[in-house]
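J.: As given, the protein sequences belong to chains A and B, one line each in that order. Number 1133 in this note's numbering belongs to position 371 of the first sequence; there are no gaps in the numbering. Number 348 in this note's numbering belongs to position 264 of the second sequence; there are no gaps in the numbering. C-beta: ideal position from N, C-alpha, C; glycine also.
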Amino acid sequence: MPIQSASSPQSGDRRWYDLFSRGARDWLRHNEKIREAVRSSLPDLVSESGILTGSGGRTVQVPVRFLEHYRFRLGTPETQTGVGQGRGSPGDVLRPADTSGEGGRKGSAGDGGGGVELVIELKVDDIVDWLWEELALPNLKPKTGAVQEDDYVRTGWDRRGPRSRLDRRRSLKEAIKRRNVSGTGPMFTDDDLRYRQLVKKPRPSNDAVLLLAMDVSSSVTEDERKLAKTFFFWVLQGLRRQYQHIETAFIAHTTHAWEFTEEEFFQVSGHGGTVASRAFVKAQQLVQERYSPARYNIYLFYASDGENFSEDRRASLRALRELGQLASFMGYVETGLSIRDPLQTESGEIFRRLTQEGLPAAGYPLRAEADVWEAIRAFFKQQSET
Amino acid sequence: MRQQLEANTRELEALAHSQGLDYYPVDFELVPPEFMTEVAVYGLPVRMPHWSFGVRYIHQYVQHRMGHSRLFEVVFPGNPGRAYLSQNNSLEENTLVVAHVLGHADFSRNNLLFQRTQEQVGYDIVELAATRARQIADFAEAHGVERVERVLDAALALEQHIDVNQPLRRGRYPEYVADTAPPPRDPFRSRFGQLPGETSHGTVRERRRAPVPPHPEQDLLWLVATYGEQLEDWERDIFLMVREESFYFQPVFSCQIMNEGWASYWHARLLREADFLPQSLYLEAVRTHSDVVRPYAGEDQTALAINPYHLGFTLWERIVRDQGLDAARAIMTQDDDFSFVRNQLTEELAEELRLFRYQASSDGEIRITDFDINDLHESILAPKFNFGAPRISVTELRTDGTLVLRHDHKTDGRGLDLRRARRVLDYLKHIWRRPVILHTVDEQGGHRILESA
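#1: Specify the secondary structure class of F950 (chain A) as computed by DSSP and reduced to three states.
#2: As a quick exercise: from B:A347, B:I476, B:V115, B:V123, pick the residue whose alpha carbon is nearest that of Y107 (chain B).
#3: Using 9 Å as the limit for Cβ to Cβ distance, is I403 (chain B) near chain A?
#4: Is T121 (chain B) close to chain A? Criterion is C-beta to C-beta, closer than 9 Å.
#5: What are the boundary residues of the beta strand (DSSP E) that V855 (chain A) is part of?
#6: With DSSP run on the structure shown, which of helix, strand or coil describes R134 (chain B)?
#7: Would you call the region 481–494 of chain B and the region 885–899 of chain A touching, i.e. three or more CB-CB distances under 8 Å?
#8: Anything in chain A within Cβ reach of I142 (chain B), meaning under 7 Å, just list it in chain order.
#9: Spatial neighbours of G1000 (chain A) within its chain, please: C-beta separation below 7 Å, excluding the five flanking residues on both sides.
#10: Over what stretch of residues does the beta strand (DSSP E) that includes V525 (chain B) continue unbroken?
#11: Check each candidate in B:L99, B:I476, B:P267 and name the one with the smallest Cα separation from F360 (chain B).
#12: Does the beta carbon of S783 (chain A) come closer than 9 Å to any beta carbon on chain B?
#13: Go to S330 (chain B), then tell me how far its alpha helix (DSSP H) extends in each direction, as first and last residue.
#14: Give me, in chain order, the residues of the same chain whose beta-carbon lies closer than 7 Å to that of V123 (chain B); leave out the 5 immediate sequence neighbours on both sides.
#15: What first and last residue would you give for the alpha helix (DSSP H) that runs through N194 (chain B)?
#16: Could you list which residues in chain A have their beta carbon closer than 7 Å to that of Q334 (chain B), in chain order?
#17: By the three-class DSSP mapping on this structure, what secondary structure does N1059 (chain A) have?
#18: Can you say whether L790 (chain A) is buried or exposed, counting buried as having 16 or more other CB atoms within 10 angstroms of its CB?
#19: Kindly indicate if chain A contains any beta-carbon less than 9 Å away from that of R218 (chain B).
#20: Give the C-beta separation of A990 (chain A) and T1097 (chain A) to the nearest angstrom, bearing in mind that I take them to be a contact with Cβ-Cβ under 8 Å.
#21: Are there three or more Cβ pairs, one per stretch, closer than 8 Å when the region 847–855 of chain A is compared with the region 451–471 of chain B?
#22: Answer yes or no: do L236 (chain B) and H134 (chain B) have a C-beta to C-beta separation smaller than 9 Å?
#23: What is the residue span of the alpha helix (DSSP H) that T93 (chain B) lies within?
#24: Using the beta-carbon of each residue, which ones in chain D are nearer than 7 Å to H134 (chain B)?
#25: Could you tell me the boundaries of the beta strand (DSSP E) in which Y1126 (chain A) lies?
#26: In the DSSP assignment, find the unbroken beta strand (DSSP E) run with F112 (chain B) in it and report its ends.
#27: Between the C-alpha atoms of S136 (chain B) and A1132 (chain A), what's the straight-line distance to the nearest angstrom?
#28: Quick one: grab the DSSP three-state call for Y1064 (chain A).
#29: Which same chain residues end up closer than 8 Å to Y260 (chain B) when comparing Cβ atoms and leaving out the 5 residues on each side of it in sequence?
#30: Using Cβ-Cβ distances below 9 Å, what residues of the region 437–460 of chain B are close to chain A?
#31: L884 (chain A) and Q823 (chain A) - do their beta-carbons sit closer together than 9 Å?
#32: Below 7 Å on C-beta distance, what does P839 (chain A) contact in chain B?
#33: Is the beta carbon of G497 (chain B) less than 9 Å from the beta carbon of Q244 (chain B)?
#34: Cβ closer than 8 Å: which chain A residues qualify as neighbours of P474 (chain B)?
#35: Within 9 Å of any Cβ in chain A, is that where the Cβ of P362 (chain B) sits?
#36: Check whether the region 187–198 of chain B and the region 318–325 of chain B touch, using three or more Cβ-Cβ pairs below 8 Å as the test.
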């Protein structure tokens, strides 16, 4: 009886089952479906503050469950009976009850793999793509009115030019035309050659700066900060597709204001009261020093629990009004977990006034993770409409 | 190893024939272990693609990597039978496996359930399934992967819901109610007929349309494929393909204890009597045998599950010892696990095997309850009833196309897992494209009607 073998000499070629793995194929398909499933729960994904810890900042890691292929099954009874083998007599306890309190043990490993989790890595860009589709947003356009920049643009052809801009296809066409008309002649003449022409053209600026300011006084809790962070993250990701270059600056304030790096920004906490105008003045200062409105589209976001010294209102309004003349947008993110009437706070009042005055400003109340989705939707809707 | 294994196989086959084993020729093939893993996951070497196999695959793969499970052999009945041996096994292990496979081949040729399936499904399931897989790949090309996947989601979810007591190729129900003979002319009827205004009803025969289904229909795959007005032809085909493979898997499932036991009995017996094998090979093979055919894992002294190899092996040894080989062969031909366990697992044997029934409550406590032999039988067999699936039948097909399913919760002892049942209805409604209704009970025993949205 001949036994076939993968390594047998009569079949030196690889056998059919080596060509690809059916199991791996279906596994990849499963993962694809998981991605789709994750996508369909986008609001949860976006609101999940934990996902931001992904590696490198360009991907996020999301824990997911294996998909289960459902079948009809009987409900789980209170007690399950089975047959075992070994020493013992009726009444013997083979395994004591689970006293840790956490429900029953998972049943034996089934094919569904109910409790197993795996972590998938998603590209932030993909998520933003989904977000865009989900919100049915048009692609944002750079603001017109931002200052022009010179850029070289290709327009037409010229008979003279540097070798590097020779358009071979175009030149060949010219040569064919000429030979067709005259019926004879050399393959190429100097007159056939065409060079791409570049023209200096003004172009709207494609740079932006995102100024993120946050109240870090003792009244702002860790959870509130997380909410703000999640919101900021998606705003930044969204603006990234609008502008080629986007810079960020982080300003924290109590009764003073400081500029921080991104990592420090979300960790610092200060003591004392809240004087928001200090942060706005600091923002003004940064704009003057580094982010000239001539070059940058300016976005300012201010996160706070809404408290501010009422004597500071005048100073805040003044600073924000001046900024509002230069900025593309000024947003207020209210992260008060305990606020009863959203946006009815001191800071909320300031921003409402700015809106009424026709400045590009708006406020977003964030009281729970679920609100992040709504706030992002509202912000980008506004952005795409103006 | 190959030459040596071929030589051993030749001699083992000769020995098997002399012992009365009667089987179709078997093609052996040495394959890499990854291939074995795939076959274990799909049940067949090449089978239709579906993401759910991917989940099983990764589980199996991880287990395999961690050394928890080791696959020794897979064999497919047919003419010729096909057996795959892992090329990573030692010569000793594979010699044992060859003997084991011969036992399976004998079983699948002679057992009546296997015979009936093979007559209907054919004698080359491996090739058939591969052809089906190719057809489904063609469908995916023509209609898109997602649409095909949706059909497979539904069809594979209903995989176990077939009726093997009906033929594989099965026609539609009769369109009209069969004529019933007119009632006999007894004195009462003749006098009744003479009453004023009474015309002779018996003579006018109306043809009455038969209801669909005329009786609760268990074969959900067949009914959907046959009576689903909204299905496209290729979708019907997929349902029937899945059904065909289920017909093949059914006897494998419902004879597992017998079949594994029979194969284990024969590998032990053939190796014992194979004096052509060197002593060292025999000892190694016997060690493998006792690794496979043992009730407990590792050092444990109790197990919370029955090893079908061990139970079947013990039963067959006892039957051959007490009743002789001819009687054993007759049982092998006629029984399935249900009759086999109920008839052959006696009280004495259960005691000897130290079988017990236990109860696991939801707080994790596991307690031995009793040794009652009838209860033991039923508890061993409980997961095997009805192809391992809840009993669900189609009871009504309404004129608006609504499909009414009814769960026989009385026989099953409790209602369905409602969450999962809803998801299955979701799969089904995409294919049926008309309302689907399912009757069952909830945990408290209250009547529940699930409806596809």
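T.: Here's the rundown:
#1: Translated into the one-based positions of the first sequence, residue 950 (chain A) becomes position 188. Note: F950 (chain A) maps to coil in three-state DSSP.
#2: The count along the second sequence starts at 1 and reaches residue 107 (chain B) at position 23. Nearest of B:A347, B:I476, B:V115, B:V123 to Y107 (chain B), Cα basis: B:A347.
#3: On the second sequence, residue 403 (chain B) is found 319 positions in, with the first residue counted as 1. Answer no: the Cβ-Cβ gap between I403 (chain B) and chain A never drops below 9 Å.
#4: For this step, residue 121 (chain B) is matched to residue 37 along the second sequence. Yes - at least one Cβ of chain A is within 9 Å of the one on T121 (chain B).
#5: Translated into the one-based positions of the first sequence, residue 855 (chain A) becomes position 93. Segment 855–857, the beta strand (DSSP E) holding V855 (chain A).
#6: Start at 1 with the first residue of the second sequence, and residue 134 (chain B) comes out as number 50. Looking at the sequence provided, one finds His at residue 134 (chain B) rather than Arg. It is coil, neither helix nor strand.
#7: no
#8: Your numbering for residue 142 (chain B) matches position 58 in the second sequence. In chain order: W789.
#9: If you number the first sequence from 1, residue 1000 (chain A) lands on position 238. Hits under 7 Å: V890, F1142.
#10: Along the second sequence, one-based indexing puts residue 525 (chain B) at 441. Unbroken beta strand (DSSP E) run through V525 (chain B): 520–525.
#11: In the second sequence, counting from the first residue as 1, residue 360 (chain B) sits at position 276. Among B:L99, B:I476, B:P267, the Cα nearest to that of F360 (chain B) belongs to B:L99.
#12: On the first sequence, residue 783 (chain A) is found 21 positions in, with the first residue counted as 1. It does: the Cβ of S783 (chain A) has a partner Cβ on chain B nearer than 9 Å.
#13: As a working mapping, residue 330 (chain B) is identified with position 246 in the second sequence. 317–338 is the extent of the alpha helix (DSSP H) around S330 (chain B).
#14: In the second sequence, the residue the question calls residue 123 (chain B) occupies position 39. So the qualifying residues of the chain are P129, V158, Y168.
#15: As a first step, residue 194 (chain B) must be located in the second sequence, where it is residue number 110. Segment 175–194, the alpha helix (DSSP H) holding N194 (chain B).
#16: Taking the first residue of the second sequence as position 1, residue 334 (chain B) is located at position 250. What Q334 (chain B) touches in chain A: nothing, since even the nearest Cβ is about 16 Å away.
#17: Reading the first sequence from its first residue, position 297 is the one you call residue 1059 (chain A). Strand at N1059 (chain A).
#18: Your numbering for residue 790 (chain A) matches position 28 in the first sequence. By the neighbour-count rule (16 or more Cβ atoms within 10 Å), L790 (chain A) is not buried but exposed.
#19: Position 134 of the second sequence, counted from the start, is the residue given in the question as residue 218 (chain B). Not closer than 9 Å to any Cβ of chain A, the Cβ of R218 (chain B) fails to qualify, so no.
#20: Position 228 of the first sequence, counted from the first residue, corresponds to residue 990 (chain A). Position 335 of the first sequence, counted from the first residue, corresponds to residue 1097 (chain A). Indeed they touch by this definition, with Cβ atoms about 5 Å apart.
#21: yes
#22: Here residue 236 (chain B) refers to the residue found at position 152 when the second sequence is read from its first residue. Here residue 134 (chain B) refers to the residue found at position 50 when the second sequence is read from its first residue. Yes; because the gap between Cβ atoms is below 9 Å, this pair is in contact.
#23: Taking the first residue of the second sequence as 1, we reach residue 93 (chain B) at position 9. 86–102 is the span of the alpha helix (DSSP H), which, as asked, contains T93 (chain B).
#24: Looking for chain D here will not work: the only protein chains present are A and B.
#25: As a first step, residue 1126 (chain A) must be located in the first sequence, where it is residue number 364. Unbroken beta strand (DSSP E) run through Y1126 (chain A): 1123–1127.
#26: By 1-based counting over the second sequence, the position of residue 112 (chain B) is 28. Looking at the DSSP string, the run of the beta strand (DSSP E) that includes F112 (chain B) is 110–115.
#27: Indexing the second sequence from 1 puts residue 136 (chain B) at position 52. Indexing the first sequence from 1 puts residue 1132 (chain A) at position 370. Cα to Cα, S136 (chain B) sits roughly 32 Å from A1132 (chain A).
#28: Within the first sequence, numbered from 1, the residue matching residue 1064 (chain A) stands at position 302. Here Y1064 (chain A) sits in strand by DSSP.
#29: If you number the second sequence from 1, residue 260 (chain B) lands on position 176. Hits under 8 Å: R291, R292, R293, A294.
#30: L437, R438, L439, F440, R441, Y442, Q443, A444, S445, S446, D447, G448, E449, I450, R451, I452, T453, D454, F455, D459, L460
#31: As a first step, residue 823 (chain A) must be located in the first sequence, where it is residue number 61. As a first step, residue 884 (chain A) must be located in the first sequence, where it is residue number 122. Yes; because the gap between Cβ atoms is below 9 Å, this pair is in contact.
#32: Taking the first residue of the first sequence as 1, we reach residue 839 (chain A) at position 77. Per Cβ cutoff of 7 Å: R498.
#33: Your numbering for residue 497 (chain B) matches position 413 in the second sequence. Your numbering for residue 244 (chain B) matches position 160 in the second sequence. Against a cut-off of 9 Å, the Cβ pair of Q244 (chain B) and G497 (chain B) comes out as no contact.
#34: Within the second sequence, residue 474 (chain B) is the residue found at index 390, counting from 1. Going along chain A in sequence order, the residues near P474 (chain B) (Cβ under 8 Å) are F834, R835, L836.
#35: Along the second sequence, read from residue 1 onward, the residue named residue 362 (chain B) stands at position 278. No, no contact with chain A.
#36: no
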